[in-house]
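These notes are about the structure you will find just below.
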Amino acid sequence: LFIVYDLPNRDCHAKASNGEICCSYKSDGRCDYTDVSDKFCSAGLKEYEEEYIDQIAEVLRKYSGRVPVVLVIEPDSLPNLSTNQGDPRCGNSATKSAYEEGVSYAVKALATADPYAAIYLDAGHGGWLGWKDNMKDFVKTIKSLKVSSHIRGFASNVAGYQHVGEICDTYDFCLGGKNNDHPCCADPCDLIGQWNPSNNELNYALHLRKAMSEGIKDFEPHMIIDTGRNGAAGMRSQCKNWCNIRDAGVGHVATTATANPDVVDAYFWLKTPGESDGCTQVLPDGSSCPRFDSDCASADSIGSRDGEPRAPEAGQWFDYQIKQLAENAQLGMPSGTTVVTASSTVSVTQVISTTEEASTTEIAGTTVVIRSGNPFADKVFYVNPSYKTSLDSSISSASGKIKHTLASMRDIPSAYWLDNKMKIKGSNTNTMEGILEDAANKPIPELVLFIVYDL
Numbered sequence: 271l272f273i274v275y276d277l278p279n280r281d282c283h284a285k286a287s288n289g290e291i292c293c294s295y296k297s298d299g300r301c302d303y304t305d306v307s308d309k310f311c312s313a314g315l316k317e318y319e320e321e322y323i324d325q326i327a328e329v330l331r332k333y334s335g336r337v338p339v340v341l342v343i344e345p346d347s348l349p350n351l352s353t354n355q356g357d358p359r360c361g362n363s364a365t366k367s368a369y370e371e372g373v374s375y376a377v378k379a380l381a382t383a384d385p386y387a388a389i390y391l392d393a394g395h396g397g398w399l400g401w402k403d404n405m406k407d408f409v410k411t412i413k414s415l416k417v418s419s420h421i422r423g424f425a426s427n428v429a430g431y432q433h434v435g436e437i438c439d440t441y442d443f444c445l446g447g448k449n450n451d452h453p454c455c456a457d458p459c460d461l462i463g464q465w466n467p468s469n470n471e472l473n474y475a476l477h478l479r480k481a482m483s484e485g486i487k488d489f490e491p492h493m494i495i496d497t498g499r500n501g502a503a504g505m506r507s508q509c510k511n512w513c514n515i516r517d518a519g520v521g522h523v524a525t526t527a528t529a530n531p532d533v534v535d536a537y538f539w540l541k542t543p544g545e546s547d548g549c550t551q552v553l554p555d556g557s558s559c560p561r562f563d564s565d566c567a568s569a570d571s572i573g574s575r576d577g578e579p580r581a582p583e584a585g586q587w588f589d590y591q592i593k594q595l596a597e598n599a600q601l602g603m604p605s606g607t608t609v610v611t612a613s614s615t616v617s618v619t620q621v622i623s624t625t626e627e628a629s630t631t632e633i634a635g636t637t638v639v640i641r642s643g644n645p646f647a648d649k650v651f652y653v654n655p656s657y658k659t660s661l662d663s664s665i666s667s668a669s670g671k672i673k674h675t676l677a678s679m680r681d682i683p684s685a686y687w688l689d690n691k692m693k694i695k696g697s698n699t700n701t702m703e704g705i706l707e708d709a710a711n712k713p714i715p716e717l718v719l720f721i722v723y724d725l
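If you're matching positions, the sequence shown starts at 271 in the numbering used here and goes up one per residue.
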């Protein structure tokens with residue numbers, strides 16, 4: 271699974287993960303989010319399309335039909351357009367154009383390059399878009415992009431901490447004081463009291479399915495939920511806090527055995543457990559962090575208390591955090607559970623099977639065959655060797671339960687983030703091309719999930 275994540279003016283409402291492509295550049299090479307001299311972000315979109323998306327598409331074409339691929343497109347981008355228009359960095363014409371045009375181009379170009387790939391758009395999480403008004407605006411945004419025929423559905427809780435919870439019979443089962451004692455109405459963030467029915471990510475999935483299918487003709491989306499760091503609940507003083515949360519735990523391992531397989535395709539580690547969300551004001555080496563976000567100094571963030579270590583920049587390995595995540599892990603693996611990885615003994619289908627249900631669709635003037643059904647079903651999931659190496663660096667200094675949990679995580683699949691151009695082409699498994707080549711050469715080609723994230 272790959273995360274596509276490099277839009278111009280990326281992550282407009284935060285600083286910790288600002289991107290490399292901009293609508294307008296400052297003298298230091300960083301994005302000037304408030305400069306709207308190029309109000310349609312023409313130069314930034316050209317760079318994004320030609321130097322990022324087209325390069326990904328070229329690699330996808332090479333492996334189309336050889337390796338099963340899942341893509342998650344640009345986390346946080348479209349949710350920011352729905353809820354953060356009051357922030358001048360997000361609400362200006364340049365950022366708006368970059369996000370809408372960039373995501374639309376990415377989906378269509380990547381679907382054309384590999385018609386077998388399953389594509390999911392990011393949908394924030396229930397504590398962000400779960401309110402009915404926010405959901406209506408999000409449906410309007412998705413509808414305007416005209417991409418529903420090219421996507422499988424949505425990814426929720428990407429890089430988040432929202433609990434999976436238990437699923438209710440209907441998305442609004444808990445509203446209005448109804449059924450307060452039912453386990454599916456457990457509400458660690460007190461969202462129901464704010465008239466948000468999406469008190470957990472499973473109920474949010476029901477809400478997304480209902481709103482999207484009613485708002486967009488012939489569209490019945492399916493969901494995947496990021497369970498990389500939501501194994502614990504109730505550890506935050508405020509659930510709006512998102513950066514390196516203290517006392518969080520690793521969540522459910524990758525599986526298609528979800529609470530409602532008709533709606534939720536899979537639980538999967540989309541955010542790599544152990545990679546920092548963002549830096550403290552002072553970095554571990556004592557220097558000032560140029561991408562410091564004040565949200566990373568929240569009361570719930572590791573590094574905000576005396577005696578806690580400083581956090582590295584977003585995406586860098588955070589040893590203290592991964593050990594805490596392991597200490598509080600809820601992997602969801604009862605006795606007898608099999609994680610479908612290369613080391614598992616399982617019966618799987620071929621990557622492309624002529625007996626699968628399929629449909630045809632028109633993409634860029636060409637009729638292609640698209641497989642229907644859950645793209646994760648009956649697949650062997652790829653485990654990136656580079657993640658094992660990162661875990662090994664923490665296992666060597668761990669002990670007891672934490673060491674045992676970290677060791678068990680070495681064979682758990684997670685997504686790979688394409689958050690800069692340098693990660694696309696190359697021969698090693700720190701690049702998209704190298705990962706796909708490695709996955710293609712397995713005895714049975716293994717499913718890979720990428721996060722596309724460079725707006």
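Even glycine gets a Cβ: it sits at the ideal position worked out from N, Cα and C.
Nothing here was measured: the structure is a model prediction, and the numbers come from that model.
Can you give me the Cβ contacts of residue i inside the same chain, cut-off strictly under 6 Å, excluding the 5 residues immediately before and after it?
{"i": "Asp-346", "result": "Asp-281"}
{"i": "Ala-552", "result": "Per the sequence shown, residue 552 should be read as Val rather than Ala. Only Arg-580 meet the Cβ criterion."}
{"i": "Val-428", "result": "Pro-345, Asp-392, Asp-496, Leu-540"}
{"i": "Ile-682", "result": "Val-523"}
Of the choices the options, whose alpha-carbon is the least far from that of residue i?
{"i": "Lys-332", "options": "Ile-694, Lys-510, Arg-359", "result": "Ile-694"}
{"i": "Pro-531", "options": "Val-340, Gly-430, Asn-644, Lys-448", "result": "Asn-644"}
{"i": "Asn-698", "options": "Lys-691, Glu-707, Asn-690", "result": "Glu-707"}
{"i": "Asp-724", "options": "His-283, Asp-555, Leu-688", "result": "Leu-688"}
{"i": "Leu-727", "options": "Val-340, Trp-401, Asn-450, Asp-357", "result": "Because the chain is modelled from 271 through 725, residue 727 falls outside the range shown and cannot be assessed."}
{"i": "Gly-423", "options": "Tyr-652, Ile-412, Ala-429", "result": "Ile-412"}
{"i": "Phe-646", "options": "Val-337, His-283, Gly-299", "result": "Val-337"}
{"i": "Ala-709", "options": "Lys-410, Val-650, Arg-300", "result": "Val-650"}
{"i": "Ser-507", "options": "Thr-675, Leu-351, Tyr-431, Phe-443", "result": "Tyr-431"}
{"i": "Val-722", "options": "Gly-356, Leu-540, Ala-527, Cys-301", "result": "Leu-540"}
Are residue i and residue j closer than 7 Å when you measure CB to CB?
{"i": "Ser-568", "j": "Asn-511", "result": "yes"}
{"i": "Trp-398", "j": "Pro-458", "result": "no"}
{"i": "Leu-330", "j": "Asp-384", "result": "yes"}
{"i": "Ala-503", "j": "His-452", "result": "no"}
{"i": "Ala-425", "j": "Leu-380", "result": "no"}
{"i": "Ser-367", "j": "Cys-292", "result": "no"}
{"i": "Ala-529", "j": "Ile-672", "result": "no"}
{"i": "Asp-305", "j": "Ser-297", "result": "no"}
{"i": "Ala-599", "j": "Gly-501", "result": "yes"}
Taking the straight line between their C-alpha atoms, what separation do you get for residue i and residue j?
{"i": "Gly-635", "j": "Lys-416", "result": "Because the pLDDT of Gly-635 is 41, which lies under 50, any placement of that residue in the model is unreliable, and the question is left without a value."}
{"i": "Pro-713", "j": "Ile-705", "result": "15 Å"}
{"i": "Asn-469", "j": "Tyr-369", "result": "28 Å"}
{"i": "Thr-353", "j": "Gly-394", "result": "11 Å"}
{"i": "Asn-279", "j": "Glu-716", "result": "33 Å"}
{"i": "Cys-454", "j": "Gly-435", "result": "7 Å"}
{"i": "Lys-480", "j": "Leu-445", "result": "16 Å"}
{"i": "Asn-690", "j": "Thr-701", "result": "10 Å"}
{"i": "Gly-361", "j": "Pro-579", "result": "35 Å"}
{"i": "Gly-372", "j": "Arg-359", "result": "17 Å"}
{"i": "Leu-276", "j": "Met-692", "result": "In the sequence as displayed, the identity of residue 276 is Asp instead of Leu. For Asp-276 and Met-692, the distance between alpha carbons rounds to 11 Å."}
{"i": "Met-405", "j": "Ser-666", "result": "45 Å"}
{"i": "Thr-525", "j": "Asp-517", "result": "24 Å"}
{"i": "Leu-595", "j": "Lys-448", "result": "34 Å"}
{"i": "Ser-648", "j": "Thr-659", "result": "The sequence shown places Asp at residue 648, rather than the Ser named in the question. In a straight line, the C-alpha of Asp-648 is about 27 Å away from that of Thr-659."}
{"i": "Ile-323", "j": "Ser-557", "result": "34 Å"}
Who are the Cβ neighbours of residue i in its own chain at under 7 Å, not counting the five residues just before and after it?
{"i": "Val-377", "result": "Ile-343, Ile-389, Val-417, His-420, Ile-421"}
{"i": "Tyr-441", "result": "Pro-467, Asn-473, Leu-476, His-477, Lys-480"}
{"i": "Phe-489", "result": "Ser-418, Met-482, Ser-483"}
{"i": "Ala-677", "result": "Ile-665"}
Looking only at its own chain, which residues have a Cβ that is under 8 Å from the Cβ of residue i, when we skip the five neighbours before and after it?
{"i": "Ser-546", "result": "Asn-514, Ala-581, Pro-582, Glu-583, Ala-584, Gly-585, Gln-586, Trp-587, Phe-588, Gln-591"}
Given 6 Å as the limit, tell me if residue i has its C-beta closer than that to any heavy atom belonging to the ligand COA.
{"i": "Thr-550", "result": "Only the bare structure without any ligand can be found here, which leaves the ligand COA out of the picture."}
Next item on the list: Could you say if the stretch 516-523 and the stretch 494-504 meet the contact criterion of at least three C-beta pairs nearer than 8 Å?
Entry: Under the 8 Å Cβ criterion, the stretch 516-523 counts as touching the stretch 494-504, having at least three qualifying pairs.
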